[in-house]
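Residue numbers (the UniProt record's numbering): 1 to 665. Even glycine gets a Cβ: it sits at the ideal position worked out from N, Cα and C. Scroll down for the structure; my scribbles are underneath it.
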């Protein structure tokens, strides 16, 4: 990575304080509403064009997106409760303003006229303009225009408002991490010492937070099956309040879809997906499911045999709380220790090393921002920021954007891993460019005096890179603002590089070399032993790719459970059938039967990798073509067209099945 600092042409986004959020959002909404109201009152359908109707809306939305991006970020990572409360109130204002705009029949008539004019060839539009028009027109059509009368539109929008309320309530419940469970010290036999130290000691035991890291620690290492069962049950029931909320959400969305004339909510949503229809998804996934299921059953039987051997009982069954534990034992037998491997990937060092890989592959340079430039621009003290620059010869030295890493857990922060758009890139009306700023947001445990956060080798930066290299005219389809069933594919494809031995060696550095205090603690705990090597040993790395296939069919089948469940609950034959559906039982039945479906993103990712990178993962021509042909478009073209143009054919599941050993070349 480049080390020399140079001042970017665009300043970092200012971060709003709690008392600034509502006034700022009101000002933005007033500006956006005024533009649309002026257009609706001053232009007739016979005069409406993309240039005089759609472009002004995009211009004001683009200009104000950065501030809305800050508010969106603060929903995930607000530094205090006052900020989070203000952001929730701002979100309600946004939804109300959106509903008010979508109620405008006059504006829909203008958009409809522009669309008809474009269809007739009276106004020639580029691929991005055409998609913007279709998407904006589609928003109004999905609010009932062209289908419903005024009263019905009001009913639709009120239901939609309630949907957003319920979604916010569900998200707020997900962010709360007060739930804990308690285990006696002796019950936690087998759990690693570094995990035990993170849990509060109380009454001869440990108070274990029902968070993902703690869950994994118990499920993988606790020897007592009853302890794993209790942890599993507690973890699965921590969001019980969301069950009723989720059911109400399903019903509201289903009622609205049927009001618009769709057969189900799934039929409505597929219009903004890569897949052309629900039936296409069903057929695509049926093929995957049929081929994966036999391998999945073999993997379950292998796990059952391992449990039987462990307990000395031929009659045992595999239970949900057994999978992680016995998978780890199988990995151990294969001489793969993910805990030991993780020691060579301390979080901050590994992030920097990953950026180094993409400096080479994508022609980018990442320069750390000096502290003096960050004053007043961060929402927490532990955030790292890089300016990003072009390294390709033909554009060398051009500014690309900013990358933020907000990767440590804090109270009130979203507990998962995600990418957040702070500022989307776009071209202003005067032809100058606004550059993107994107955030890698995670919730790793903060470092302690004796240890630092460790990154699993396969956790990567794919979404952030998609955002940075995108070259759109408008913010509406910037970077990862693509159809969800395509959006995971570029990031998932990049995981392949994190299973390649040479790349792992390049990225590795044992955590004891990060801080002298970690060396002292390691030597105290391992008296008389030599320090581990700084780089990960060849023998550790060489065994890792072979372990990738361990229970991999089961992993995909698990994803198929989620996708099948999602399709089932959103594609019932009627609203009354949905009301009667026991969705909790449905989910458990799917888990039990493994009659499953998948999200196409995994298949898309495998197809991208096998077609261009499998033979030479460092091929500069392939990387350049991938950057130009996939990443730079963002969502500005139809996602199926992006895939088909890049592959030279429609995507298929063959590459995924081949990677699992279920199909020969």
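So, at 6 Å on beta carbons, what are the nonlocal neighbours of residue i in its own chain, with the 5 sequence-adjacent residues on each side left out?
i           : result
residue 83  : 18 and 74
residue 316 : 307 and 308
residue 551 : 299 and 327
residue 417 : 442
Hey, how far is the Cα of residue i from the Cα of residue j?
i           : j           : result
residue 350 : residue 204 : 37 Å
residue 623 : residue 362 : 6 Å
residue 16  : residue 70  : 7 Å
residue 276 : residue 131 : 16 Å
residue 627 : residue 329 : 40 Å
residue 488 : residue 606 : 11 Å
residue 295 : residue 554 : 8 Å
residue 505 : residue 355 : 15 Å
residue 310 : residue 293 : 26 Å
residue 254 : residue 497 : 41 Å
residue 124 : residue 476 : 20 Å
residue 87  : residue 72  : 8 Å
residue 426 : residue 288 : 38 Å
residue 386 : residue 359 : 13 Å
residue 110 : residue 436 : 31 Å
residue 47  : residue 112 : 12 Å
residue 540 : residue 340 : 9 Å
residue 656 : residue 382 : 38 Å
residue 613 : residue 647 : 12 Å
residue 703 : residue 36  : Residue 703 is absent from the structure shown; the chain starts at 1 and stops at 665.
residue 266 : residue 278 : 7 Å
residue 377 : residue 45  : 44 Å
Between which residues of its own chain and residue i is the CB-CB distance below 7 Å, once the five residues before and five after are set aside?
i           : result
residue 463 : 419, 480 and 491
residue 247 : 583
residue 245 : 166, 169 and 170
residue 502 : none
residue 59  : 429
In three-state DSSP terms, what is residue i?
i           : result
residue 574 : coil
residue 240 : coil
residue 493 : helix
residue 674 : Since the first and last residues shown for the chain are 1 and 665, residue 674 lies out of range.
residue 76  : helix
residue 437 : strand
residue 675 : It is not possible to answer for residue 675, since the shown part of the chain is limited to 1 through 665.
residue 623 : helix
residue 233 : helix
residue 321 : helix
residue 639 : helix
residue 531 : coil
residue 11  : coil
residue 200 : strand
residue 406 : strand
residue 205 : strand
residue 611 : helix
residue 629 : helix
residue 71  : helix
residue 508 : coil
residue 553 : helix
residue 652 : coil
Quick one: residues in its chain with C-beta nearer than 8 Å to the C-beta of residue i, no 5 flanking neighbours on either side, listed in chain order?
i           : result
residue 208 : 180, 181, 182, 183, 199, 214, 218 and 231
residue 526 : none
residue 161 : 95, 96 and 99
residue 115 : 133, 134 and 137
residue 652 : 603 and 607
residue 103 : 143, 153, 154 and 157
Do residue j and residue i count as a contact pair if the criterion is CB distance below 9 Å?
i           : j           : result
residue 62  : residue 428 : yes
residue 384 : residue 402 : no
residue 440 : residue 405 : yes
residue 422 : residue 432 : no
residue 569 : residue 250 : yes
residue 196 : residue 206 : yes
residue 334 : residue 547 : yes
residue 400 : residue 4   : no
residue 234 : residue 190 : no
residue 303 : residue 323 : yes
For residue i, is the beta carbon positioned less than 8 Å from some heavy atom of the ligand ZN?
i           : result
residue 574 : Judged by which ligands are present, the structure shown has none, so any question about the ligand ZN falls away.
Could you pull out every unbroken alpha helix (DSSP H) segment of at least 4 residues lying fully inside the region 340–379, listed in chain order? Counting only runs of 4 or more, we get 347–362.
Minimum length 4: unbroken alpha helix (DSSP H) runs contained in the region 120–189: Counting whole runs of 4 or more residues, the region 120–189 contains the alpha helix (DSSP H) stretches 127–141 and 150–175.
List in chain order: all unbroken alpha helix (DSSP H) runs of 4+ residues lying wholly within the region 249–276. Whole alpha helix (DSSP H) segments, 4+ residues: 265–269.
Could you tell me which uninterrupted beta strand (DSSP E) segments, each at least 3 residues in length, are contained entirely in the region 9–61, listed from first to last along the chain? Counting whole runs of 3 or more residues, the region 9–61 contains no beta strand (DSSP E) stretch at all.
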